[in-house]
Structure formats: structure tokens, C-alpha cells
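Trainee: Taking the numbering used here, the leading residue of the sequence shown gets 1169, the next gets one more, and so forth.
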Amino acid sequence: MSQREWIEKDFYKELGVSSSASTDEIKKAYRKLARDLHPDANPGDAKAEERFKAVSEAHAVLSDPAKRKEYDETRRLFTAGGYGRGGFTPGAGGGFSQGFDLGDIFGAASGGDGGLGDLFGGLFNRGSTRTSHRPRRGADVETETTLGFREAAQGATVPLRLTSPSPCTTCHGSGAKPGTSPRVCPVCNGAGVVSRNQGAFGFSEPCDECRGTGSIIDNPCVDCHGSGTQNRTRTITVRIPPGVADGQRIRLAGQGEAGLRGAPSGDLYVTVHVGQDKVFGRAGDDLTLVLPVSYSELVLGTTVSVPTLQGRVGVKVPPGTADGRILRVRGRGVSKRGGGAGDLLVTVKVAVPQKLDDEATAALRAYQEAEKASGFDPRAGWAGA
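#1: Do you know offhand how far residue 1118's Cα is from residue 1413's?
#2: How is the beta strand (DSSP E) around residue 1536 delimited, first residue to last?
#3: Per DSSP, which one or two residues make a beta bridge with residue 1574?
#4: Report all residues from its chain with a CB closer than 6 Å to the CB of residue 1227; omit the five preceding and five following residues, and keep chain order.
#5: Just list the alpha helix (DSSP H) runs in the region 1443-1498, keeping only unbroken ones of 4 residues or longer that don't cross its boundaries, in chain order.
#6: Going along the chain, which residues of its own chain have a beta-carbon closer than 6 Å to the beta-carbon of residue 1337, five neighbours each way excluded?
#7: Residues in the same chain with beta-carbon distance under 6 Å from residue 1418, minus the five sequence neighbours each way, listed in chain order, please.
#8: By the 10 Å Cβ neighbour count, where 16 or more other Cβ atoms means buried, how is residue 1405 classified, buried or exposed?
#9: On a CA-only basis, which of 1335, 1323 and 1203 is nearest residue 1315? Give me that one, please.
#10: Distance, Cα to Cα, residue 1352 vs residue 1380?
#11: Which of the three DSSP states, helix, strand or coil, is assigned to residue 1290?
#12: Starting from residue 1181, follow the beta strand (DSSP E) in both directions and report where the run begins and ends.
#13: By how many angstroms is the C-alpha of residue 1386 removed from the C-alpha of residue 1372?
#14: Please name the residue or residues paired with residue 1197 in a DSSP beta bridge.
#15: So, is residue 1542 buried or exposed, given that buried needs 16 or more other C-beta atoms within 10 angstroms?
#16: What distance in whole Å lies between the Cβ atoms of residue 1461 and residue 1485, which are believed to be in contact at a cut-off of 8 Å?
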């Protein structure tokens, strides 16, 4: 895509959101569109495939705060200034004084490198060739996967099936027919832009000869038609680290869309959803567990075997333990990124029998009488007494 096309695209319109939409609104709109337009859901539908690529490109810019800010500021600058093929037209109503160089805006915003200046390849550079052409990096890609509770806690390796632009396997991303190579554009000398002066202003715009790429392919690859990329479905194996939390995003560098003509690929962001477990809960890096016990076990004390992610462990319930007390088993929780693991938090919960036989009932009544005789009052000091 040329710099001019990049400026003129309305990414907000592509996603169906307003320019003031929050990050969550943008993400929600993208997910819905990506799900409806995904090539797997629309086999053979070229129109849906193009829309899928468009919304993915829009999301890659608007979901990144830095890119979104640059995009908004640049569109505002260009639309306010009446940018056309010839650039800004200086005049009394333009708000620019004689001798003012718009390149200063980009240099100040980027510190001389990166930022807005990089996005547009030196649209304003005082007529010099200081800014050279840089291949356009591939767009970032987002996908989702669901793991079981224990897989997320212990880590897992999962296959992901993706449909996105990838390096052409025939030309290996160069765009040129095997055995040939692209040549440097003779018009812009590989810069991708041509410059001209208009009074006190220096203007640069994408080179028409090479369409802003800086090179010309005389013998394009027959499979990718010179783009260096092919839209194909691939399966990659992703290692999910131990301890990943529900909703966490994992970045895989270089696994996104391929860049044009050998440019670096974008990144892949995997959002992980974690299912519930019948036994364990989670509080940060700690695992939680409810342990049913009898009243006699609380009073007299006992040792109970409980499950962990690595097997079973004995938990000692001290005599006189109160119902609802939390017992901590260190190092038996979720693995931490920096090493080690959280703890297992065991909450003891008394289980009350719904029915007793005559012998058990008689024994319990005898205990009740003995309890009264000992002077024990469960409501002693209670505010409601």
C-alpha cells in the first residue's frame, strides 16, 4: 500500500466504530467481524477474504495506541490541509508562514527517526534524499485459543490454524521469478519517493514508477504476482507458558502477516481463555481448594490427603480447627514466570450428616450432655446473646 492510500483509508469505518471508540470497543468490533469474515467460515468467497484482510489491517493500527495516535494526527493534518496529489497548497488561509518546512513536524514528532516520518517515508524532507525507502512491515494478527484449567496452570503446547498472508514459497518473499532479482527503481534511485520544490516548500510523494517500493520487478513471480506474499492457511505450534491467566495475550514475534517483498513479518497475538476446574480455583498464583471434613475431625484433628497439580499431599488439620479456616501448603500452586510456584490454599468446610442411625444419634446426645457439663458455650461473647 502506498503512503497516500494509507492516509486515505478510513480504518474506523472498516471496523464500524466511531473515531472516539475505546480500545475495548475496537477489539469487540474486530472480533465480531473477524469471526464472520474468516476464510474458514467463507470458503471460496473472495469478497469476504478481502474484507477480512481490511478489518485485520484496521485493527492492527487502531489497537496499538502509538500507531492509532500517529494515524489520527496524520489524517487530521492532511485533511485539514487539503492534501492532494500536489501536497499542501500554501496560502493565507493555510496557517503556515513563509519559509516554514512541514518536515519539521515529522522530525519533531519522531526525534529524527521513526514515528510519523517513518510512516510516510519522508513525505516532507526539504527535497533531499535523507529518508530512504523502508519495506512495509506485515500487519499484526490476533487469534484466540482455549485451554483447560490445569493446562493453563502447568503450560501446554497447542496447534493454531491461521489464514493470513505468508511469504511466498516460490520466490521466498522477493516477489521476483526464481532466478531473477528486483532492480533498483531508476526514477527514485530506490528511495520510493520523488521530491520537488515549490517555492519555500519541499515536497515528496510516492514514486509512480515503482509505486513507492523503491524497486521494480521485471519478471514477477507467477504465484504471488510480484507481491512476495500468498494468502494461505498454516498450522503453527505455540508453547503456552505455565501460569497463563484467563484473557492474557501472548505475543509471538514474526508470526503475523508477511511483509511485502521480503519485509519483516508482523507479530501474532494469542488471547488465551481458561476453562473452569471441578476441584481447583485460582487466586493469582495460588490454587484454592475446599476440603470437606467432619465435625469430629475438626475437634480431634486429622491428616487428609488432598490433590495438587503434581499429585497428592497430606494436609494436617490441627485439633480444634474452626470451620472455614484456610490451611496453606507452600509451593503447590501455579508456576511463576520468574521461577517457583504459588501456594495451595485449603479451606476446611464441615460436612453435616443429613441422617444418623440410632447408635450415632445416642452417641451425639451423650456428647451434647457432656459438652454442657464441661461449661462450653458456643455463643459465649456473641454480640447477639
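We treat Cβ as the ideally placed atom computed from N, Cα and C, and that holds for glycine.
Mentor: Put simply:
#1: As shown, the chain starts at 1169 and ends at 1553. That puts residue 1118 outside it, with no answer to give.
#2: Premise fails: residue 1536 lies in the alpha helix (DSSP H), 1526-1541, not in any beta strand (DSSP E).
#3: For the chain, the structure presents residues 1169 to 1553; residue 1574 sits outside this window and is missing.
#4: If we look at residue 1227 and ignore the five residues flanking it on each side, its Cβ neighbours are 1198.
#5: 1463-1468
#6: none
#7: So the qualifying residues of the chain are 1438.
#8: exposed
#9: 1323
#10: 12 Å
#11: Because residue 1290 sits at a pLDDT of 39, beneath the cut-off of 50, its placement in the model cannot be relied upon, and the point is left open.
#12: That residue, residue 1181, is in no beta strand (DSSP E); its alpha helix (DSSP H) goes 1179-1183.
#13: The alpha-carbon of residue 1372 is positioned some 25 Å away from that of residue 1386.
#14: The partner list for residue 1197 (beta bridge, DSSP) is empty, contrary to what the question assumes.
#15: exposed
#16: 6 Å
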